[in-house]
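Notes for the one structure printed next.
Number of protein chains: 6
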Amino acid sequence: MLYIFLLALLFLSISSLSHGSVQDFCVADYTAPVGPAGYSCKKPAGVTVDDFVYTGLGVPGDTSNLIKAAVTPAFDTQFPGVNGLGISIARLDLAVDGVIPLHIHPGASEVLVVVEGTICAGFISAAANVVYLKTLNKGDVMVFPQGLLHFQVNGGESTSIAFVSFSSANPGLQIVDFALFANDFPSELVEKTTFLDDAQVKKLKGVLGGTG
Amino acid sequence: MLYIFLLALLFLSISSLSHGSVQDFCVADYTAPVGPAGYSCKKPAGVTVDDFVYTGLGVPGDTSNLIKAAVTPAFDTQFPGVNGLGISIARLDLAVDGVIPLHIHPGASEVLVVVEGTICAGFISAAANVVYLKTLNKGDVMVFPQGLLHFQVNGGESTSIAFVSFSSANPGLQIVDFALFANDFPSELVEKTTFLDDAQVKKLKGVLGGTG
Amino acid sequence: MLYIFLLALLFLSISSLSHGSVQDFCVADYTAPVGPAGYSCKKPAGVTVDDFVYTGLGVPGDTSNLIKAAVTPAFDTQFPGVNGLGISIARLDLAVDGVIPLHIHPGASEVLVVVEGTICAGFISAAANVVYLKTLNKGDVMVFPQGLLHFQVNGGESTSIAFVSFSSANPGLQIVDFALFANDFPSELVEKTTFLDDAQVKKLKGVLGGTG
Amino acid sequence: MLYIFLLALLFLSISSLSHGSVQDFCVADYTAPVGPAGYSCKKPAGVTVDDFVYTGLGVPGDTSNLIKAAVTPAFDTQFPGVNGLGISIARLDLAVDGVIPLHIHPGASEVLVVVEGTICAGFISAAANVVYLKTLNKGDVMVFPQGLLHFQVNGGESTSIAFVSFSSANPGLQIVDFALFANDFPSELVEKTTFLDDAQVKKLKGVLGGTG
Amino acid sequence: MLYIFLLALLFLSISSLSHGSVQDFCVADYTAPVGPAGYSCKKPAGVTVDDFVYTGLGVPGDTSNLIKAAVTPAFDTQFPGVNGLGISIARLDLAVDGVIPLHIHPGASEVLVVVEGTICAGFISAAANVVYLKTLNKGDVMVFPQGLLHFQVNGGESTSIAFVSFSSANPGLQIVDFALFANDFPSELVEKTTFLDDAQVKKLKGVLGGTG
Amino acid sequence: MLYIFLLALLFLSISSLSHGSVQDFCVADYTAPVGPAGYSCKKPAGVTVDDFVYTGLGVPGDTSNLIKAAVTPAFDTQFPGVNGLGISIARLDLAVDGVIPLHIHPGASEVLVVVEGTICAGFISAAANVVYLKTLNKGDVMVFPQGLLHFQVNGGESTSIAFVSFSSANPGLQIVDFALFANDFPSELVEKTTFLDDAQVKKLKGVLGGTG
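Protein chains in written order, with UniProt numbering: chain B, 1 to 212; chain C, 1 to 212; chain P, 1 to 212; chain H, 1 to 212; chain L, 1 to 212; chain G, 1 to 212.
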């Protein structure tokens with residue numbers, strides 16, 4: 001038993017003086033300040049395994065909406081264990097004819113893996129303005145480079161499910177249609193900066209609740 | 001003169017063994033392989049001050065086009081000295097009624113400073129879908145966070161000029177209209193992922209040269 | 001049609017001068033030099049959508065081995081499209097009683113999502129030496145912070161499948177048993193640095209093919 | 001109008017659970033703790049467009065001083081919107097014979113663009129100890145790699161103005177003369193570590209207010 | 001003396017508006033929140049030179065323990081001045097027959113320099129599973145790449161001392177034996193994920209104080 | 001022996017397809033292109049333990065020069081194993097009255113540990129222009145934040161030795177005196193940008209071999 005005592009000495013000399021050290025991880029403390037690198041860290045004593053586990057992706061998202069699709073995120077905002085670790089995940093559910101509209105993630109690249117059904121996915125490159133399109137089957141993987149416009153569409157006759165991972169705990173999500181037609185972006189400016197017709201802009205604002 | 005000799009010894013002991021060291025900068029060598037961090041570095045012996053100077057922004061861009069505007073970049077592709085340094089710059093020229101259409105930079109935040117005229121600029125946030133709009137006068141600065149949709153419009157009665165700097169030597173530029181209407185993105189998919197009408201899509205493809 | 005011509009001028013002024021720009025992505029060119037940030041980039045003209053799609057995870061890994069498990073990676077070494085993007089993915093197959101032995105990824109955090117069966121997973125923190133254990137069901141997600149020892153075990157009566165994503169295109173994989181017993185690490189040093197008994201070391205070297 | 005309701009569901013499923021998410025930007029909250037990555041973020045509800053706009057660079061700096069020059073910064077300390085975004089900007093005013101003395105930015109590379117007059121600028125490389133000098137005219141751009149000694153001098157017969165951008169929201173600024181002669185750096189140590197004569201050191205301490 | 005006044009104007013225009021700017025360093029404030037990038041910064045007015053100096057490595061660690069060795073860290077947890085700077089240091093003391101057991105640093109690469117005695121050190125690569133072993137004498141340096149298993153053993157007849165530096169202010173330290181045998185990691189799972197025999201596991205748990 | 005075969009299958013499925021993967025380290029290949037992130041990587045098959053060991057710091061630097069001091073670096077240029085790992089080391093030798101003149105490392109923070117003698121060290125902060133000075137004894141550690149002017153002076157009656165580690169494999173070294181007086185920096189510009197007298201500049205140019 002002397003051994004235990006003596007080894008403990010080594011261990012203590014290494015870890016004892018820590019002022020709330022968080023060297024292994026930084027579980028989000030949603031009650032403390034947020035900074036450019038993420039949420040503040042929960043004190044280690046309060047961390048449990050459930051901070052590292054997220055069970056919200058086990059149930060299908062609700063696809064009874066216009067786009068017949070749902071995005072269920074497990075970003076740092078929902079999943080405290082990924083805070084500061086440069087990774088996160090989300091679940092996509094696409095009913096038949098479902099679509100995740102054209103969008104970007106301002107802060108991350110994305111890897112998608114199909115776990116059910118068939119998905120037609122694509123992105124557009126910026127430098128050469130090339131459209132990269134592919135129909136993906138179960139088990140297929142596609143990568144969408146950071147910040148580029150992309151989309152996913154159910155390409156088959158049955159529900160599709162995919163998991164999408166991101167190179168950030170906080171990838172962000174900007175859907176082009178929401179940015180243009182679901183807020184108070186003045187129609188005149190929308191039209192001027194997109195060349196869309198006034199009627200088109202007003203129609204989609206009507207659908208998406210935009211004003212201005 | 002002994003001093004020179006002796007000090008030279010110190011200096012040599014520090015720098016002599018270098019195998020083409022590039023510790024200060026990495027001027028782009030456009031003939032060598034490119035990697036995720038940028039272009040390969042020119043051998044130091046071939047570097048001159050002109051690699052660090054770019055004179056292409058001294059002349060107005062040609063605004064005799066549909067958008068009455070021009071973007072003249074000094075990114076690592078044009079300006080070898082910024083390679084690997086995490087910064088670059090471009091010039092915006094906007095004739096009266098000129099517009100830089102809605103676009104994103106996938107890899108950088110942007111700071112704009114107006115040096116002539118008046119510019120109305122804006123961006124849309126992703127998390128809260130808020131439109132941030134401002135009319136900027138000479139000397140005013142605006143920041144556009146990385147990866148978010150934004151635009152610039154000449155807000156006055158005369159030509160406007162601005163310089164825009166980026167937090168990357170290679171920020172990229174993706175104009176929404178070009179991504180949708182100036183390539184072979186199938187119209188059916190454009191419509192499905194943007195909710196735009198078929199007539200609108202085809203009209204803009206006509207203007208911008210898109211097919212499919 | 002004048003429009004096309006005029007707009008094309010804008011577009012050209014932006015993208016024409018590029019010396020093989022890779023601003024959107026950097027698909028791995030396996031024939032060119034590798035650097036600390038990853039593989040060199042394929043020339044854009046040679047890039048196709050298949051560089052961004054990986055189909056190797058659609059088939060089960062072969063679990064007819066000692067550990068009744070398989071890891072099938074889609075890292076930058078196999079999947080050129082993720083090169084430089086800070087993300088990658090792999091598939092885990094665990095037959096009944098299958099186990100992914102204790103291991104670390106030196107260069108990435110990991111997010112695991114169960115897509116079939118039940119997995120008992122765990123990791124050990126460094127600062128406080130706490131074991132975080134959880135039994136995960138279909139759809140559950142767990143995060144393993146970078147560089148920490150962790151493992152996955154089939155916790156049920158049927159085959160389990162999971163996808164694991166990494167915050168690096170090249171996370172690495174170091175299985176403790178392989179590092180100790182499947183190479184020429186001298187037994188005397190293994191014993192001295194792990195406190196394992198000589199008989200134990202030699203037995204496992206026998207199983208795993210180690211020498212010394 | 002059902003559409004609005006249904007789409008709103010998607011939008012809510014994406015953004016509703018956020019605990020004050022700041023995924024798009026992190027406007028500085030000067031009343032909260034600061035960390036290595038920058039200031040804490042203002043709560044999104046309190047952010048306005050004015051956080052992203054800085055108007056302080058529209059007026060000339062006061063050049064009625066010894067160096068006949070002024071540096072007016074828009075760093076994260078003055079301009080909350082750039083916090084965490086890896087970019088910032090400043091304005092240089094140089095009256096005739098004005099000079100920005102030899103200095104370094106410890107945390108950023110710099111890109112300078114001349115908007116009025118003529119500026120003679122230079123930097124010294126570390127590895128090869130080469131002086132890179134250039135006379136820059138209106139519209140010319142020069143890059144100064146991170147951490148290297150550099151300077152700007154009015155090279156003409158009239159006032160010069162430039163904007164300088166940085167690859168950090170907080171580049172820092174260390175003017176060699178201020179570091180040596182404008183604080184309590186003991187003269188003996190200044191002389192020992194720079195080889196400057198005692199008389200020279202004391203003279204400049206007199207000018208710049210140094211003691212010791 | 002007008003000079004002082006005038007120059008002071010320049011200096012003030014640069015630094016006066018700072019809201020507690022920390023542009024040069026971020027000395028740890030152990031009483032404020034911690035984030036993914038490290039501790040919050042002490043207010044500059046409270047910083048003294050002693051925050052940048054650590055005297056705890058001047059005395060030998062206590063090697064009167066089982067492993068006849070000691071690790072004395074100067075990480076951000078002990079040494080506030082390194083917070084956020086991406087570097088830290090520790091002292092190794094190895095009595096005759098002393099050993100730093102097989103371990104990893106999850107967050108950093110390490111450089112070791114021997115300052116007294118002889119040390120036999122090694123690490124195991126992940127990709128190729130190669131053991132790199134070397135006997136190091138006074139003044140010799142060895143680098144251990146991030147996240148890989150490694151160890152140090154006194155290779156001589158007298159006490160050895162080394163300093164080890166890390167590419168992080170918070171490298172972490174995970175000793176394999178402690179992770180397996182000095183906590184409540186269930187023996188059944190230890191055995192299943194390491195192939196070690198039950199007797200071996202229980203023996204080492206006895207020595208190191210593990211339960212389960 | 002079946003075990004070996006079966007386990008080998010797992011191992012192969014993980015590592016076999018590698019196209020010269022470098023996931024663990026990137027030993028510098030001095031014959032291949034260099035990029036912003038460092039040297040290209042040697043092919044793994046050619047890597048030996050000696051790439052990770054540097055023996056050049058075991059011998060004292062030659063201090064028979066003007067400054068009675070020597071800096072012996074083990075940066076990526078000399079020590080291929082640290083390439084891309086964000087760390088490096090150097091040895092300082094200071095004879096009695098020896099001095100490492102005022103200098104900066106453009107790309108790294110530094111940690112110094114005294115292993116023999118006494119060293120008086122200091123740095124000057126940029127934001128507040130404060131001089132931080134300390135006399136360090138054997139075993140004492142001091143950190144110098146990135147990019148700030150600093151120096152080391154032998155503070156005792158006997159030779160001093162220190163090891164300095166850096167948060168970069170390629171920290172760079174710019175000695176103020178060399179930058180000003182040991183190249184062709186025109187004296188007129190030196191004087192204009194430093195306020196030094198012409199006689200002082202010419203005197204030091206004479207000592208250090210500068211022209212212009």
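Where is the CB? At the ideal position from N, CA and C, for every residue including glycine. The structure presented is a predicted model; accordingly, all values stated were derived computationally and were not measured.
Identify the contact partners of residue i in chain L, using a Cβ-Cβ distance below 9 Å as the criterion.
| i | result |
| --- | --- |
| Phe151(G) | By Cβ distance, chain L contributes nothing, its closest Cβ being about 14 Å from Phe151(G), past 9 Å. |
So, is the C-beta of residue i closer than 8 Å to a C-beta in chain B?
| i | result |
| --- | --- |
| Phe178(C) | yes |
| Asp51(H) | no |
| Ser167(H) | no |
| Phe75(P) | no |
What residues in its chain sit with their C-beta under 8 Å from that of residue i, if we drop five residues either side in the sequence?
| i | result |
| --- | --- |
| residue 213(G) | Because chain G here runs from 1 to 212, residue 213(G) falls outside it and cannot be looked at. |
| Leu57(H) | Thr72, Ala74, Ile89, Ala90, Arg91, Phe163 |
| Ser160(G) | Leu92, Asp93, Leu94, Gly98, Val114, Glu116, Gly117, Thr118, Ile119, Asn154 |
Is the distance from the Cβ of residue i to the Cβ of residue j below 8 Å?
| i | j | result |
| --- | --- | --- |
| Val111(H) | Ile89(C) | yes |
| Gly122(C) | Arg91(C) | no |
| Gly86(G) | Pro106(H) | no |
| Phe185(B) | Gly212(B) | yes |
| Ser40(C) | Pro33(G) | yes |
| Asn129(H) | Phe178(G) | yes |
Should residue i be flagged as near chain G, meaning a C-beta pair shorter than 8 Å?
| i | result |
| --- | --- |
| Val131(H) | yes |
| Val164(H) | no |
Kindly list the residues whose CB is nearer than 6 Å to the CB of residue i, restricted to its own chain and excluding five residues on each side of it in sequence; keep chain order.
| i | result |
| --- | --- |
| residue 266(L) | Outside the shown range of chain L, which is 1 to 212, sits residue 266(L), and nothing can be said about it. |
| Ser21(B) | With a pLDDT of 45 at Ser21(B), under the threshold of 50, the modelled position of this residue cannot be trusted; read the value that follows with caution. There are no such residues. |
| Ser165(C) | Ile89, Val111 |
| Ser158(G) | Gly117 |
| Ala67(G) | According to the sequence provided, residue 67(G) is Ile. The question's Ala does not apply to it. The answer, listed in chain order, is Val99. |
Is the shortest distance between the beta-carbon of residue i and the beta-carbons of chain H less than 8 Å?
| i | result |
| --- | --- |
| Pro60(G) | no |
| Pro145(L) | no |
| Ala37(B) | yes |
| Ala121(G) | no |
In chain order, what residues of the same chain have a beta carbon less than 7 Å from the beta carbon of residue i, not counting five sequence neighbours either side?
| i | result |
| --- | --- |
| Gly84(C) | Cys26, Ala37, Gly38, Ala169 |
| Met142(L) | Leu112, Ala121, Lys134, Leu136 |
| Asp76(C) | Ala28, Gly38, Tyr39, Val82, Asn83, Ser88, Ala169, Asn170 |
Show which residues of chain G have a CB atom less than 9 Å away from the CB atom of residue i.
| i | result |
| --- | --- |
| Gly84(C) | Gly35, Pro36, Ala37 |
List the residues of chain H that residue i touches, going by C-beta distances under 9 Å, in chain order.
| i | result |
| --- | --- |
| Ser109(L) | The contacting residues do not exist; Ser109(L) stays about 19 Å from chain H at best. |
| Asn65(C) | Those within 9 Å of Asn65(C) in chain H number zero; the least Cβ separation is about 21 Å. |
Cβ closer than 8 Å: which chain G residues qualify as neighbours of residue i?
| i | result |
| --- | --- |
| Ala32(C) | Pro33 |
Distance cutoff 8 Å, beta carbons only. Does residue i sit that close to anything in chain P?
| i | result |
| --- | --- |
| Pro106(C) | yes |
Can you pull the chain H residues whose beta carbon is under 7 Å from the beta carbon of residue i, in chain order?
| i | result |
| --- | --- |
| Ser40(L) | Pro33, Val34, Gly35 |
| Gly81(C) | Val143 |
Residue i versus chain P: which residues are under 8 Å apart at the beta carbon?
| i | result |
| --- | --- |
| Ala45(L) | Near Ala45(L) there are no residues of chain P at all, since even the closest Cβ is about 31 Å away, more than 8 Å. |
So is residue i in contact with chain C if we call contact Cβ pairs under 8 Å?
| i | result |
| --- | --- |
| Val115(H) | yes |
Please list, in chain order, the chain C residues whose beta carbon lies closer than 8 Å to that of residue i.
| i | result |
| --- | --- |
| Val99(B) | Lys192, Thr193 |
Could you list which residues in chain G have their beta carbon closer than 7 Å to that of residue i, in chain order?
| i | result |
| --- | --- |
| residue 216(H) | With chain H represented from 1 up to 212, any question about residue 216(H) goes unanswered, as that position is not in the structure. |
Given that residue i touches chain B, what residues does it touch there, using C-beta distances under 7 Å?
| i | result |
| --- | --- |
| Ala128(P) | Pro44 |
On the three-pair Cβ rule with 8 Å, is the segment 92-105 of chain G touching the segment 149-165 of chain G? The segment 92-105 of chain G is in contact with the segment 149-165 of chain G.
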